[in-house]
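So the structure is just underneath, and the comments pick up after that.
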Amino acid sequence: MRVVKLVFCIILFIFSIASTAADISQCSFTVTDGSEERCSTTNTRLQDSCSIGMSPASSTYCVVWTSDQLSSGNLDIYVRLFDSSGDPYGGTTSQQAEKLVNEVTANTQFQPSCVGSLHDGTMLVLYANQGQDNPDFSYGVYGRIVLPYQQGSFQGSSFLINTRTQYDQLYPAGCALSDGYMVIWSSIGQDGQGYGIYAQRITVNGAMMLLSRVLDLADCVQETLLELKHR
Ligand SMILES: [Ca+2]
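Here it is as structure tokens:
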């Protein structure tokens, strides 16, 4: 019976891949605007590592990127808002301008990611921040809430997301939930061997929920195999 279930799962998996491929082949994409737009307003030195997030509730999207335009010589995180037409969001030139996300500019802030919320019009900017979460001078994952309704101002300061701060926590990404956000990142030396993937849930008021858990792919596969064996 277990063998039958396993074969059925394999057939279903192959069928799902074939179906997905067929659906994709039927899609067509068109560049509707016809001209690319510049998102970063400063061209001093390097601007790269960009990410985008949409906030349906506010009909805006934010673009985040790294830049070493400050004299510090290290990377920092910048954000700029756009409306649904792709125009810079805000009533004044100052409001439409790009804004520095990280308050502490010492050391390196990089790997930005932006997530639009489902519960309100806010957006969450994520980034890896060096030298602030632990005396070992490692990286930590930080977030900061952007408020489109207030012309791109921030809701409070940047906040630390990872609970374990020893060694590096890097590559943050996230998704919107009905009551907040889920953030994932890669942490070294925490799961016993190399990097592991961890997640933390953030509620709308910024309070952490104790849902941090290992999402390591190898562990997921192992759990699936064990489940099959126990049936
Ligand atoms: Ca750290």
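Letter 110 of the sequence shown, counting from 1, is numbered 217 in the working numbering, and no numbers are missing.
Virtual Cβ for every residue (Gly too), placed ideally from N, Cα, C.
- Scanning its chain for C-beta atoms nearer than 8 Å, with the 5 sequence neighbours on each side dropped, one finds around Glu144 the residues Gly193, in chain order.
- In the DSSP annotation of this structure, Thr200 is not part of any beta strand (DSSP E); the continuous alpha helix (DSSP H) holding it starts and ends at Thr200 to Gln203.
- For the 9 Å CB-CB criterion, Tyr168 and Gly223 form a contact.
- Straight-line measurement puts the Cα of Ser245 at about 15 Å from the Cα of Pro279.
- Membership of Thr173 in the beta strand (DSSP E) is indicated by the continuous run Thr167 to Ser174.
- With a cut-off of 8 Å, the C-beta of Gln300 is classified as distant from ligand 1, since no heavy atom of the ligand falls inside that distance.
- With the rule of 3 Cβ pairs closer than 8 Å, the region 158 to 168 counts as touching the region 254 to 270.
- Remark: three or more beta-carbon pairs, one from each stretch, lie closer than 8 Å, so the region 201 to 220 and the region 262 to 279 are flagged as touching.
- Non-local beta-carbon contacts of Leu267 in its own chain, meaning distances under 7 Å to residues more than five positions away in sequence, involve Asp240, Gly247 and Tyr249 in chain order.
- Of the candidates Arg308, Gly287 and Gln154, Arg308 places its Cα closest to the Cα of Thr270.
- If you compare the alpha carbons of Gly198, Thr151 and Gln237 with that of Asp175, the shortest gap goes to Thr151.
- By the Cβ-count criterion, Asp155 is exposed, with fewer than 16 other Cβ atoms from all chains shown falling within 10 Å of its own Cβ.
- Between Val290 and Val232, the gap from beta carbon to beta carbon reaches 9 Å or more.
- Distance from the CA of Asn236 to the CA of Asn209, rounded to the nearest whole angstrom, comes to 9 Å.
- The C-beta of Gly263 has fewer than 16 other C-beta atoms within 10 Å across all chains shown, which makes the residue exposed.
- By the CB criterion at 9 Å, Ser191 and Ser166 fall inside the cutoff.
- For Ile304, the enclosing beta strand (DSSP E) stretches over residues Tyr302 to Thr310.
- For Gln216, the enclosing beta strand (DSSP E) stretches over residues Gln216 to Gly223.
- Separation of the CB atoms of Gly197 and Ala213 is rounded to 29 Å, and the pair is thereby denied contact status at 8 Å.
- Per the coordinates, the alpha-carbon of Gln297 lies some 7 Å from the alpha-carbon of Gly303.
- The straight-line gap separating the alpha-carbon atoms of Leu225 and Leu153 is approximately 33 Å.
- Look at Asn269: its beta carbon is less than 8 Å from one of the heavy atoms in ligand 1.
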